[in-house]
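J.: One structure follows; several queries about it will come next.
Residue numbers (the working numbering), protein chains in the order written: chain G, 1 to 271; chain S, 1 to 478.
Following this line, the structure appears as structure tokens:
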């Protein structure tokens, strides 16, 4: 099956191909929006196929020297995880953000947009033109229609969220770590690694080797979280502190702007 | 770290456990029970399946396989019926149902309003085919220590549980609600749940499967206890047997001493069995419970005979010993010393033994979902909800769940019951309210739909509704 496009209510563009699921919205002159969407659709055609061509490389842990990648999305992925190479990380940690960034760039190359976002399953590339603002909301519980936090954005950036409940596997126990960074791929890689660091040992946490859950997992036999029971308050705080330490380090070295960490009913913010 | 040779893309052969998904270029290798990278395709028992598609049931005609290898689905459907599975919904239902489709059925324009309903008022009635004591009536039924329901009025040959309900879902602690919701969801989706009954047993429940009580699987419902078996078959034995002993862990029956034998004026046989006499011809605890005859631990039926009265018994006396399921039976004739000797069972006696077995049904757990669809869900169907309720009561609108027939309880509201086994697999979902989500369809003639204030502007022909959707086709369940 090839890529599929459809228009969602509210003039949003929905692009789908295999595991990639994008929701795109742009603001500006109507003709500009149409051109941007056409451009995104055009760019989207071979994204997955080109990625798959280098999948073996992209699923391997990154290490010195930086391996050569051909595809533009793959290069974004490598660039995003490269600063984190001291620990275990594969370029796949940034795949969603990298696709979002790539599509955003293709739209901006063709059109003048006031604002736009490319949301790749929660990893979001955001564009705001000078003088415009964009408000992103953070929802603690997706089933409760309540916005628990807001970020006002006045420059192009990326927002990404990672956690053990999400589609990607996590080594940590955070329900959600949301990161604001200069682009979506950087945010994606950082969110993945901070979420991995939100961790603690407790009998109510169940972990399984990644490949027992997904045969092709890039995490191999590393233990990924499959269930987290009610944790005592000290354990929650301790896990969040562990994540916060990593987030603070990334922030001081300029890799991220801010991070919000959520674990059960506790939250922590690095900003 | 992993050896590159070991990378997932290596040419390691695909075993039967792993299939390759060809839905997109990623070509995930998916192990049994796992999903691919997209979480939309999965390996279900070695078959590639799409998760949560809109489910379409075909009436009559043959099923179209969802993914025939190397061949795309041709898009054709025969008289399809769109179910609510995968239809998605909102709560409360402030906008028209996801699919309002029309199709011609027997020349009449029919409208089916398809949605997934969120049932905050719902519960399960579980029937467990066993005579074993599971727990006293009204006793709490627990999962992980949380009360999820109670033991309710027993039925013939079956114990009954009432699980879920709004009080456990939302009236207690958060944990009680979540555990209740999960237990109901698991049972509704035809999977197993272990419950512990206060002052009683631990039971593994699963719709359509034999109950497991304190670790022991119930195989067959016995035809009745030993005494009941005597009562049912006494007349059929008369003239062929001089004595019949029905071995049972609960009550062992002795024909000539039993009321049924006396009624037939049978000559007393003079055989005294072990255990405690309840009433004439009925004995408790002739042996310990076990895997032998009639749920006891015995394998030699003669071992339950305490003594044979020489004043009453006679040489040549014909004795049948049989279990309450007819699985075990022996034929004896008393010799000159009044010792029972094994002999070939006469044909008329064997026929009755086989009839006992024939009358035993497999022991099953069955689960009826019960819930109220009388609330805001109706707003997705019509602007005038009470008219929908009336139309259901007047049998103009047919209600189904995932295409399965339901029983609508008389009186107010739309309170329905449905056998979860008749619904397609994985029909149920949940929201963290907590409440269960299940498919529900209302089918009625188009003209009636207009009359009850239906969302006529939202009606689309069935072909169009299906054209752009991911759909799964299954044959009609019943």
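From the three backbone atoms N, C-alpha and C, an ideal C-beta is built for every residue, glycine too. Keep in mind it's a predicted model, so treat the numbers as computed, not measured.
1) Quick one: measure Cβ to Cβ for residue 439 of chain S and residue 401 of chain S, integer angstroms, because I've assumed they're closer than 8 Å.
2) Rounded to the nearest angstrom, how far is the Cβ of residue 153 of chain G from that of residue 133 of chain G, given a contact under 8 Å?
3) Can you check whether the C-beta of residue 95 of chain S is within less than 8 Å of a C-beta belonging to chain G?
4) Where do the N-terminal and C-terminal ends of the beta strand (DSSP E) with residue 151 of chain G fall, by residue?
5) Determine, for residue 68 of chain S, whether the minimum Cβ-Cβ distance to residues of chain G falls below 8 Å.
6) Taking a cut of 9 Å between CB atoms, which residues from the segment 213-230 of chain G lie near chain S?
7) Whose C-alpha, out of G:121, G:103, G:178 and G:128, is nearest the C-alpha of residue 300 of chain G?
8) Let me know the alpha helix (DSSP H) ranges lying completely inside the segment 33-97 of chain G, each 4 residues or longer, listed in chain order.
9) For residue 279 of chain S, count neighbouring Cβ atoms within 10 angstroms of its own Cβ and tell me buried if that reaches 16, exposed if not.
10) So, do the segment 23-30 of chain G and the segment 102-122 of chain G have three or more beta carbon pairs nearer to each other than 8 Å?
11) Do you know offhand how far residue 211 of chain G's Cα is from residue 436 of chain S's?
12) Excluding the 5 residues flanking residue 316 of chain S on each side, which residues of the same chain have their C-beta closer than 7 Å to its C-beta?
13) Give the range of the beta strand (DSSP E) segment to which residue 194 of chain S is assigned.
14) Is there contact between the segment 210-224 of chain G and the segment 20-30 of chain S, where contact requires at least three CB pairs shorter than 8 Å?
15) Mind checking whether residue 268 of chain S and residue 312 of chain S have CB atoms under 8 Å apart?
16) May I ask which residues mark the beginning and end of the alpha helix (DSSP H) holding residue 387 of chain S?
17) I'd like to know if residue 148 of chain S contacts chain G, where contact means its C-beta is closer than 8 Å to some C-beta of that chain.
18) Counting only runs that start and end within the segment 205-264 of chain G, where is the beta strand (DSSP E) found for 3 or more residues in a row?
19) Going by CA-CA distance only, name the one from S:305, S:222, S:343 and S:410 that's closest to residue 287 of chain S.
20) Look at the alpha carbon of residue 149 of chain G and the alpha carbon of residue 260 of chain G, and state the distance between them as a whole number of angstroms.
21) What are the boundary residues of the alpha helix (DSSP H) that residue 43 of chain S is part of?
22) Suppose you measure from the CA of residue 71 of chain S to the CA of residue 188 of chain S; what does that come to, to the nearest Å?
23) By DSSP's criteria, residue 267 of chain G is part of a beta bridge. Which residues make up the other side?
24) Do residue 62 of chain G and residue 47 of chain G have their CB atoms nearer than 8 Å?
25) For residue 29 of chain S, decide whether its Cβ has a neighbour in chain G, counting only Cβ atoms nearer than 8 Å.
26) Hey, could you find the ends of the alpha helix (DSSP H) residue 196 of chain G is sitting in?
27) What in chain G is Cβ-close to residue 122 of chain S, meaning under 9 Å?
28) Could you compute how far the alpha carbon of residue 461 of chain S sits from the alpha carbon of residue 447 of chain S?
29) Hey, does residue 113 of chain G have any beta-carbon neighbour from chain S nearer than 8 Å?
30) In whole angstroms, what separates the C-alpha of residue 37 of chain S from that of residue 41 of chain G?
31) I'd like to know whether the C-beta of residue 128 of chain G is nearer than 8 Å to at least one C-beta of chain S.
32) Kindly give me the distance between the Cβ atoms of residue 172 of chain G and residue 191 of chain G, rounded to whole angstroms, as I take these residues to be in contact under 8 Å.
33) Which residues does DSSP pair with residue 230 of chain S in a beta bridge?
34) Excluding the 5 residues preceding and the 5 following residue 426 of chain S in the sequence, name in chain order all residues of the same chain whose CB lies nearer than 6 Å to its CB.
35) Can you look up residue 417 of chain S in the DSSP assignment and give me helix, strand or coil?
36) Within 10 Å of its beta-carbon, does residue 309 of chain S have 16 or more other beta-carbons around it, so buried, or fewer, so exposed?
T.: According to the data block:
1) 6 Å
2) 7 Å
3) Residue placement at residue 95 of chain S cannot be trusted, given a pLDDT of 44 that sits under 50; what the coordinates show is reported in the next sentence. Output row for residue 95 of chain S: interface = no.
4) 149-153
5) With a pLDDT of 32 at residue 68 of chain S, under the threshold of 50, the modelled position of this residue cannot be trusted; read the value that follows with caution. Residue 68 of chain S does not count as touching chain G.
6) 213, 214, 215, 216, 217, 218, 220, 221 and 230
7) Residue coverage of chain G in this structure runs from 1 to 271, which leaves residue 300 of chain G outside it and unanswerable.
8) 47-53, 55-58 and 72-81
9) exposed
10) yes
11) 31 Å
12) 333 and 334
13) 193-197
14) yes
15) yes
16) 385-393
17) no
18) 205-209, 223-228 and 258-263
19) S:305
20) 9 Å
21) It is not in any alpha helix (DSSP H) - residue 43 of chain S instead sits in the beta strand (DSSP E) that spans 41-44.
22) Unreliable positioning characterises residue 71 of chain S in this predicted model, as indicated by a pLDDT of 34, which lies under 50. A coordinate reading is not provided.
23) G:262
24) no
25) yes
26) 184-197
27) By Cβ distance, chain G contributes nothing, its closest Cβ being about 17 Å from residue 122 of chain S, past 9 Å.
28) 15 Å
29) no
30) 22 Å
31) no
32) That belief does not hold up - the Cβ atoms of residue 172 of chain G and residue 191 of chain G are roughly 11 Å apart, past 8 Å.
33) Per DSSP, none; premise fails for residue 230 of chain S.
34) 189
35) strand
36) exposed
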